[in-house]
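Residue numbers (the working numbering), protein chains in the order written: chain A, 486 to 601; chain B, 157 to 268.
We put the beta carbon where it would ideally sit given N, CA and C, even for glycine.
Below is one structure; the comments refer to it alone.
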């Protein structure tokens with residue numbers, strides 16, 4: 486079974502440009518999460534989808550970030566316009582059984598975003 | 157507010173020696189606790205979790221962790237370290253809601 490995949494693995498953009506990150510969860514996983522790790526700091530939650538619906542987007546830093554999950558399969562996270570502080574590694578994770586607190590999340594390899 | 161603390165940025169051990177990576181947490185309600193490991197250029201990999209029951213949980217690659225409610229700790233342990241265990245380790249907690257709250261991570265370096 487394929488794991489969580491993310492594309493691209495690296496992205497280097499100029500401040501003010503737009504970048505779109507993609508996550509393909511494990512097939513059949515209803516829950517999809519986005520997290521971000523800024524260099525040397527904690528991995529922080531951004532948002533959570535259950536199927537195509539946003540369950541919790543309390544971690545989204547501001548309205549320059551837009552996440553979608555059309556059809557409840559893959560998800561995209563768009564940053565527009567990108568700022569220097571958006572640099573970091575963006576992780577996607579998925580899990581089965583919505584609402585089960587103890588269920589582990591499976592993480593993708595991350596997308597390393599560098600904004601110059 | 158929920159939080160996780162990993163007090164050591166780096167832990168150094170010699171191969172064959174026991175290792176401990178520390179984690180303490182603060183949550184309201186019953187905690188669900190997790191350890192993840194990240195190898196270079198790889199994603200986070202699930203190691204083990206505590207949900208309920210036996211305070212000592214066993215996970216992948218010979219790792220185990222002990223849940224201590226009175227000390228609000230969930231330290232990761234391994235009786236005999238391998239060089240291949242060198243990686244970045246994250247402790248995480250979940251209580252209300254489904255988002256994981258992570259610590260800052262601890263780099264484990266095992267020397268031969």
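Please work out which residues of its chain come closer than 7 Å, Cβ to Cβ, to residue i, disregarding the five sequence neighbours upstream and downstream, and give them in chain order.
i                     : result
residue 242 (chain B) : 264, 265, 266
residue 580 (chain A) : 514, 516, 588, 589, 590, 591
residue 537 (chain A) : 554, 555, 556, 557
residue 502 (chain A) : 566, 567
residue 187 (chain B) : 181, 249, 251
Residue i to residue j, Cα distance in whole Å?
i                     : j                     : result
residue 251 (chain B) : residue 173 (chain B) : 34 Å
residue 246 (chain B) : residue 203 (chain B) : 10 Å
residue 531 (chain A) : residue 598 (chain A) : 15 Å
residue 107 (chain B) : residue 534 (chain A) : Outside the modelled stretch of chain B, which goes from 157 to 268, sits residue 107 (chain B), for which no answer is possible.
residue 529 (chain A) : residue 260 (chain B) : 10 Å
residue 225 (chain B) : residue 254 (chain B) : 21 Å
residue 524 (chain A) : residue 572 (chain A) : 8 Å
residue 505 (chain A) : residue 199 (chain B) : 19 Å
residue 491 (chain A) : residue 158 (chain B) : 28 Å
residue 487 (chain A) : residue 510 (chain A) : 9 Å
Using a Cβ-Cβ distance cut-off of 8 Å, determine whether residue i contacts chain B.
i                     : result
residue 547 (chain A) : no
residue 541 (chain A) : yes
residue 559 (chain A) : no
residue 581 (chain A) : no
residue 591 (chain A) : yes
residue 534 (chain A) : no
residue 544 (chain A) : yes
residue 566 (chain A) : no
residue 575 (chain A) : no
residue 530 (chain A) : yes
residue 594 (chain A) : yes
residue 563 (chain A) : no
Verify the CB distance criterion: does residue i have a CB-CB separation below 8 Å to chain A?
i                     : result
residue 258 (chain B) : yes
residue 199 (chain B) : yes
residue 157 (chain B) : no
residue 243 (chain B) : no
Counting only the same chain and skipping the five closest in sequence on each side, list residues whose C-beta sits under 8 Å from that of residue i.
i                     : result
residue 176 (chain B) : 167, 231, 232, 233
Which residues in the same chain as residue i place their Cβ atom closer than 6 Å to its Cβ, once the five residues preceding and following it in sequence are excluded?
i                     : result
residue 522 (chain A) : 528, 573, 574
residue 229 (chain B) : 180
Identify every residue that forms a DSSP beta bridge with residue i.
i                     : result
residue 213 (chain B) : B:221
residue 573 (chain A) : A:598
residue 508 (chain A) : A:491, A:560
residue 205 (chain B) : B:190
residue 579 (chain A) : A:517, A:591
Does the structure place the stretch 160-167 of chain B close enough to the stretch 208-221 of chain B that three or more beta carbon pairs sit under 8 Å?
no
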